[in-house]
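Asks:
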Amino acid sequence: MQPWPGRPYPLGATFDGTGTNFALFSSVAERVELCLLDEAGNEERIELTEVDGHVWHGYLRAAQPGQRYGYRVHGPYDPENGHRCDPSKLLLDPYAKAIDGQISTDPSLYSYQFEDPTQRNTDDSAPHTMVSVVINPFFDWEFDRPPAHEYHDSVIYEAHVKGLTELHPEVPEELRGTYAGIAHPAVIDHLTALGVTALELMPVHQFVNDPHLQEKGLTNYWGYNTIGFFAPQNTYSSLGGAGQQVQDFKTMVKALHEANIEVILDVVYNHTAEGNHLGPTLSFKGIDNASYYRLVEDDKAHYFDTTGTGNSLLMRSPHTLQMIMDSLRYWITEMHVDGFRFDLASTLARELHAVDRLSSFFDIIQQDPVISQVKLIAEPWDLGEGGYQVGGFPPLWTEWNGRYRDTVRDYWRGEPATLAEFASRITGSADLYEHSGRRPMASINFVTAHDGFTMRDLVSYNEKHNEANGEDNNDGEEHNRSWNSGAEGETEDPEVRALRLRRHRNFLATLLFSQGVPMIAHGDELGRTQQGNNNVYCQDNELAWVDWNLGDEQVHLLDFAQRMVHFRMAHPVLRRRRFFAGDPGHGGQSEVGEIAWLKPSAEPMEDEDWDQSHARSISIFYNGDAIPEPDARGERVSDDNLLVMLNAAAEPVTFTIPDEGFGAVWRMAINTDPTHTENGDYHPGDTLEVLPHNTVILVCPREEEA
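Going by the working numbering, the first residue of the sequence shown is number 2, and it counts up by one from there.
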């Protein structure tokens, strides 16, 4: 076990087919011990004596794939000056490609005594913590190629690995809740039938199950508590946690790519699971605390926190930036993922305290030839001052459009004076993105996501019901912009149920006829409920999992969702790559005639009509012959004319078909009223009664050219 000198690059444990090179960065370490562990937990310590540029390294021929290891870093323990080295704690490799085990609630994980935080706790943490694992990097990808869907042709499906598969009756029990469960044909068939082009997975980077949740008998279900930025979550592996999770993840990606579905990862680079000054010492904190974390300038014993989780990574540190960039490149080049959604991305943009659009993080992403070519999606807010940055990210980036979510919810629950902003949101939010040279696809449109009500609960509850979380219903968002449709929670009232189903279909329809990129939260196409809980982050149970036992309403809802996705994909006029001409405040309108906004009477909307507090009904004309750009092959695109009739009022509204300049014959294509059966032709001057809280889409087929 005498180490050879090895190399300082790459960082982490790198198996080359013969042995393994180990490399660890620490600018404050005085000694570093590599600790090899067998399956019984017996430990052999090997001192790394080679140091280059603060990287401690060595090569061991005896270290093979499956070898468990960790580090003990000897150096200053001086919290007042930002240093927290503690050799009594077995530390994870920040570059570990796989991690085995999970932490417990044992006090040995902490470098202080619970009874008196000023006193050191030097108990050995090894029996109670997670360990790094050497992996075999070789995998037969065969002819795997990324699907590379253009943004404007994308339909994103946000899902949780376990939540999507745990209850699926066609997935074998041993595969449920795993990467292999996602790769199962039954799950992939559901996604392809729905028309999904990209699967956005909630965190699969190795995360920590918080001790305070363990003490309550709960678990960190969502996984926004990362400790390993290179390691797939071990509990999602169907093969085991000693490196097999890497093969399992790659097999999943390969299967999804074969089905022409991209894989996007929800990544949490803004903080780690080590928490604040009272958190455990698991990795970064004990290796080089001041290089990895943002500390309060005049009080380095405490962490500057803009995430609400206790710490924030220091984006001004070149070593932190290197780690994040190395991680992103690893997931692209070695794991073949197709993009990333960055949790609390405003934190990544912070240099000092302000969110800086030209920060180091954006600079290095912009110039990177690998990362700059995949899908980059920002959650454009954090909890710090000035952290709400919807519309403020650079041109390469797309954003979760929180203003779209809020406005669409308000419009469909009948809030007054929302029509003008609603028009801007459904036409791509030019007022937010056009000024930075971006296009409609910069807007990732969503009505619901993992955080908050499901779509079914959005139409079924006025208030959150988070009692199961054990926080006296004090957690979760208070202002949900929801409406229960006349009864709180589950009901047998047929009128309420019919209204809820119509409103649910309205949300799906709006999402899919809007310009921009639609994102559907898993189970919303099935009518999934969380019984009014809008914060199931700690509910690893049937409350949060997708229920695949579908009743008649759920079957009809799924059929509608499928039809609506395919309707979008069949009509390029709904997937424009440029904004409409005209005033972005009203979604655009000009003599070009790309779009027209009409009152139910078929008269054009005037300026004063937009601001009427009672205005809740409108017709939108999409001109199929006025798409300004050619398709991907350079051919000019034309489409059918579409007429979208929206009624968010509480009473029926009679709509008039506009004159022949808009179209000669119209046919019903979409109606969010599930009881609708009338499918005749409509001509200019005809009238059509649209129910309360109802969407109707008519199509005027384009005339075939000779």
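Yeah, the Cβ is synthetic: ideal placement off N, Cα and C, and Gly gets one too.
Who are Asn672's beta bridge partners in DSSP?
Replies: Val697
Asks: Is the beta carbon of Asp94 closer than 9 Å to that of Ser292?
Replies: no
Asks: Helix, strand or coil: how does DSSP classify Arg426 here?
Replies: Arg426 sits in a helix when the DSSP states are folded into three classes.
Asks: Based on DSSP bridge pairs, tell me the residues matched to Tyr683.
Replies: Trp667
Asks: Tell me, please, whether the segment 310 to 325 touches the segment 250 to 259 by the rule of three or more beta-carbon pairs shorter than 8 Å.
Replies: no
Asks: Roughly how many angstroms lie between the CA atoms of Asp154 and Ile628, to the nearest whole one?
Replies: Cα to Cα, the separation comes out at about 15 Å.
Asks: Enumerated in chain order, which unbroken segments of the beta strand (DSSP E) with a length of 3 residues or greater are wholly contained in the segment 599 to 623?
Replies: 618 to 623
Asks: Can you list, in chain order, the residues of its chain whose CB lies under 8 Å from that of Arg8, leaving out five sequence neighbours each side?
Replies: Here the set comprises Asn22, Ala24, His58, Tyr60.
Asks: Is the beta carbon of Leu500 sitting closer than 9 Å to the one on Val556?
Replies: no
Asks: Are the Cβ atoms of Leu647 and Phe622 separated by less than 9 Å?
Replies: no
Asks: If you draw a straight line from the alpha carbon of Asn463 to that of Pro319, how long is it in whole angstroms?
Replies: When rounded, the distance between both Cα atoms is 47 Å.
Asks: How far does the alpha helix (DSSP H) with Thr348 in it extend, from its first residue to its last?
Replies: 346 to 349
Asks: Considering just the uninterrupted stretch of the alpha helix (DSSP H) at Arg439, what are its terminal residues?
Replies: Note, Arg439: premise wrong, no alpha helix (DSSP H); not H, not E.
Asks: Which parts of the segment 262 to 295 are runs of the alpha helix (DSSP H), unbroken and 4 residues or longer, counting only runs that do not cross its ends?
Replies: The DSSP assignment places 285 to 293 as complete runs of the alpha helix (DSSP H) inside the segment 262 to 295, in order along the chain (cut-off: 4 residues).
Asks: Mark Asp682 as exposed unless 16 or more other C-beta atoms lie within 10 angstroms of its C-beta, in which case mark it buried.
Replies: Exposed, because fewer than 16 other Cβ atoms sit within 10 Å of the Cβ of Asp682.
Asks: Quick one: what's got a C-beta closer than 7 Å to His150's C-beta in the same chain, skipping five residues either side?
Replies: Thr198, Ala199, Glu263
Asks: What is the DSSP secondary structure of Trp413, counted as helix, strand or coil?
Replies: helix
Asks: Tell me the residue span of the beta strand (DSSP E) that contains Lys376.
Replies: 376 to 379
Asks: Should Lys217 be labelled buried (16 or more other beta-carbon atoms within 10 Å of its own) or exposed?
Replies: exposed
Asks: Going by DSSP, what residue range makes up the alpha helix (DSSP H) through Lys163?
Replies: 162 to 166
Asks: If you drop the 5 nearest sequence neighbours on each side, which residues of the same chain put their C-beta closer than 6 Å to that of Thr15?
Replies: These residues qualify, in order along the chain: Asn22.
Asks: Does the distance from the CB of Asp612 to the CB of Ala418 come in under 9 Å?
Replies: It is a contact, given that the beta carbons lie within the stated cut-off.
Asks: So Asn648 is in the beta strand (DSSP E); what residue range does that whole segment cover?
Replies: 642 to 648
Asks: Is it buried or exposed for Tyr180, if we count other Cβ within 10 angstroms and need 16 for buried?
Replies: Burial call: buried.
Asks: Using the Cα positions of Pro281 and Phe231, report the straight-line distance between them to the nearest angstrom.
Replies: 20 Å
Asks: Using DSSP with H/G/I as helix, E/B as strand and the rest coil, what is Phe23?
Replies: Under the three-state reduction of DSSP, Phe23 is assigned to strand.
Asks: Would you report the Cα separation of His694 and Glu679, rounded to the nearest angstrom?
Replies: Cα to Cα, the separation comes out at about 18 Å.
Asks: Going by the beta-carbon positions, is the gap between Ile521 and Ile157 smaller than 9 Å?
Replies: yes
Asks: Verify whether the separation of the beta carbon atoms of Ser112 and Ser89 is less than 9 Å.
Replies: yes
Asks: For a test of the three-state rule: what should DSSP assign to Lys301, helix, strand or coil?
Replies: The answer is strand: DSSP assigns Lys301 an E or B state.
Asks: Thinking Pro601 and Thr655 are a contact (beta carbons under 8 Å), I'd like their distance in whole angstroms, please.
Replies: About 7 Å separates the beta carbons of Pro601 and Thr655, which is inside the 8 Å limit, making them a contact pair.
Asks: Mind checking which residues open and close the alpha helix (DSSP H) that includes Gln207?
Replies: Taken as a continuous stretch (DSSP letters only), Gln207 belongs to no alpha helix (DSSP H), being part of the beta strand (DSSP E) at 206 to 208.
Asks: By the three-class DSSP mapping on this structure, what secondary structure does Ile183 have?
Replies: helix
Asks: Compute the beta-carbon to beta-carbon distance between Val371 and Arg342, rounded to the nearest angstrom, for a pair I have assumed lies under 8 Å.
Replies: In this structure Val371 does not touch Arg342 by the C-beta definition: roughly 18 Å separates them, more than the 8 Å allowed.
Asks: On a CA-only basis, which of Gly388, Pro396, Thr119 is nearest His368? Give me that one, please.
Replies: According to the sequence displayed, residue 368 carries Gln and not His. Ranking Gly388, Pro396, Thr119 by Cα distance to Gln368 puts Pro396 first.
Asks: DSSP has Met520 in a bridge; who is on the other side?
Replies: Ile157
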